[in-house]
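Take a look at the structure below.
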Amino acid sequence: MIPVIGSETIRPFLNIEQLIPAAELAFQAISDGRAQSPVYVLHPNDLADIHVKSASLPGCPIFTVKMAGWSQILADRGEPASSGMIAVFDSKTCKPLAILQDDHLISDYRTAAAGAVVARLLAPQSARSALIVGTGTQARLQAEALLAVRAIKTFKIWGRDRAKASELCLSLESRLTGVSLQVVDDLPTAVAKADVIVTATGAKEPLIQADWLRPGHHITSVGSDDTTKCEIDPEILKDSEVFVDSKATALMYGATARALSANVLTEDAFTEIGSVISRESGNRKATTVACLSGLGVQDLTTVNAIWGELASAAIG
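Using the working numbering, the first residue of the sequence shown is number 3, and each one after it goes up by one.
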């Protein structure tokens, strides 16, 4: 019988800093063409979506197929809005090895590790202030990821629901040391004062406007993962260096797709993150923007990084 490994078994093996090499490997595999990583997004109703992401890599002993759902109905109830599972298969025989009933945990942590890689590459090395736009699990993890690679001293939190922003602020206060945290209501002012801006929302219309920015800002848009979402003004991309995890998905999703359709920029303006992994900088003069769609190969490299521990835990 195929083992089902639950989220409580998986959770102890997930650590943002330890998963950074897996995130780097995924970015590079996307850019050099090694990864097979198809994506399909379903919208079973107007208030939900489910992403089906599969991936294989040459030489990797396993491959994965993930189904990750999100529901506004659950969010409105105050319940976890994300859910999902990952099926793990043997690469030689294609036989199923396990079902990871992770409730989106692996997706959450691999996305956070990806955010850490992006921040290390693109955020100013002198950055000391950050604005987190969003109030969910990913907003919290992106704050922790940013702190892993930059000496951030001040975090501002903005959310469409101030009560949820306050809850996130309290959660981060209990997890982070040596930093100042504050909920803010004036988003334009908060953007202008921040060195780094991370948007982790399900916004369908831009929250960050182009005229709020200054040269040298860095933005990571985590919620660029389907055709309906757009967290930042596409005009921002016109005068920025634009980085994406995959050019293929950038053509379809988020602010990059809207910028293309509005003729704000052309697809040759996109640089895949995997192509600059070895060119660490963090001191660019222009505004930098990273739009992350998230691909199945990131799930695969993350699962593979902890597969030995998970398999032993399942047997145990």
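Where is the CB? At the ideal position from N, CA and C, for every residue including glycine.
{"Item": "Based on DSSP bridge pairs, tell me the residues matched to Thr289.", "Value": "Ser242"}
{"Item": "Taking the straight line between their C-alpha atoms, what separation do you get for Ala50 and Thr229?", "Value": "13 Å"}
{"Item": "So who's on the other strand from Pro98, going by DSSP bridges?", "Value": "Phe91"}
{"Item": "Would you please state the rounded distance, in angstroms, between the beta carbons of Val305 and Ile64? I believe it to be under 8 Å.", "Value": "7 Å"}
{"Item": "Is Gln300 closer than 9 Å to Ala202 when the C-beta atoms are compared?", "Value": "no"}
{"Item": "Which term fits Arg13, buried or exposed, when burial requires 16 or more other beta carbons within 10 angstroms of its beta carbon?", "Value": "exposed"}
{"Item": "The alpha helix (DSSP H) with Lys195 in it runs from where to where?", "Value": "Leu189 to Lys195"}
{"Item": "In the structure shown, what three-state DSSP assignment does Glu146 receive?", "Value": "helix"}
{"Item": "From which residue to which residue does the beta strand (DSSP E) around Gly117 run?", "Value": "First-last for Gly117: Leu107 to Leu124, but that is the alpha helix (DSSP H), not the beta strand (DSSP E)."}
{"Item": "Using the Cβ count rule (16 or more neighbours within 10 Å means buried), how would you classify Cys232?", "Value": "buried"}
{"Item": "Would you give the residue range spanned by the alpha helix (DSSP H) that Thr222 belongs to?", "Value": "No alpha helix (DSSP H) contains Thr222, which is instead part of the beta strand (DSSP E) from His220 to Ser223."}
{"Item": "How many angstroms separate the CA atom of Arg112 from the CA atom of Ala264?", "Value": "31 Å"}
{"Item": "Where does Glu26 land, buried or exposed, given buried means 16+ other C-beta within 10 angstroms?", "Value": "buried"}
{"Item": "Would you mind listing the beta strand (DSSP E) stretches within the stretch 31-93 that are 3+ residues and don't spill past its ends, in chain order?", "Value": "41-47, 50-57, 64-73 and 84-92"}
{"Item": "Nearest to Ala271 by CA position, among Lys240, Glu19, Ala28 and Ala313, is which residue?", "Value": "Lys240"}
{"Item": "Leaving out five residues on either side along the sequence, give the residues of the same chain with a beta carbon under 6 Å from the beta carbon of Gln184.", "Value": "Lys158"}
{"Item": "Between the C-alpha atoms of Asp188 and Gln20, what's the straight-line distance to the nearest angstrom?", "Value": "35 Å"}
{"Item": "State the DSSP-derived secondary structure class of Ala202, mapped to helix, strand or coil.", "Value": "coil"}
{"Item": "How long is the line joining the alpha carbons of Ala129 and Asp92, rounded to whole angstroms?", "Value": "43 Å"}
{"Item": "Among all the DSSP beta bridges, which residues are the ones paired with Glu274?", "Value": "Val246"}
{"Item": "Just the C-alpha distance for Ser9 and Ala315, rounded to the nearest angstrom, thanks.", "Value": "12 Å"}
{"Item": "Using CA coordinates, which residue listed in Ala89, Ile22 and Ser33 is at the minimum distance from Ser56?", "Value": "Ala89"}
{"Item": "Mind checking whether Leu143 and Ala121 have CB atoms under 9 Å apart?", "Value": "no"}
{"Item": "Using beta-carbon positions only, say whether Thr273 and Ile238 come within less than 9 Å of one another.", "Value": "no"}
{"Item": "Can you tell which of Val186, Gln74, Ser73 and Leu44 has the C-alpha that lies nearest to the C-alpha of Ala165?", "Value": "Val186"}
{"Item": "Using a Cβ-Cβ cutoff of less than 8 Å, which residues in the same chain neighbour Gln103 once the five nearest sequence positions on both sides are dropped?", "Value": "Val6, Ile7, Gly8, Ser9 and Met87"}
{"Item": "Considering only the alpha carbon of each residue, which of Lys195, Ser85, Ser84 and Leu123 lies closest to Arg152?", "Value": "Leu123"}
{"Item": "Taking just the CA atoms, how far does Val135 sit from Phe29?", "Value": "24 Å"}
{"Item": "By the 10 Å Cβ neighbour count, where 16 or more other Cβ atoms means buried, how is Ile22 classified, buried or exposed?", "Value": "buried"}
{"Item": "Which of the three DSSP states, helix, strand or coil, is assigned to Gly8?", "Value": "strand"}
{"Item": "State the CB to CB distance for the pair Val193 and Leu215, rounded to an integer number of angstroms; the pair is presumed to be in contact (CB under 8 Å).", "Value": "7 Å"}
{"Item": "Between Gln74 and Ala83, what straight-line distance do the alpha-carbon atoms span, to the nearest angstrom?", "Value": "7 Å"}
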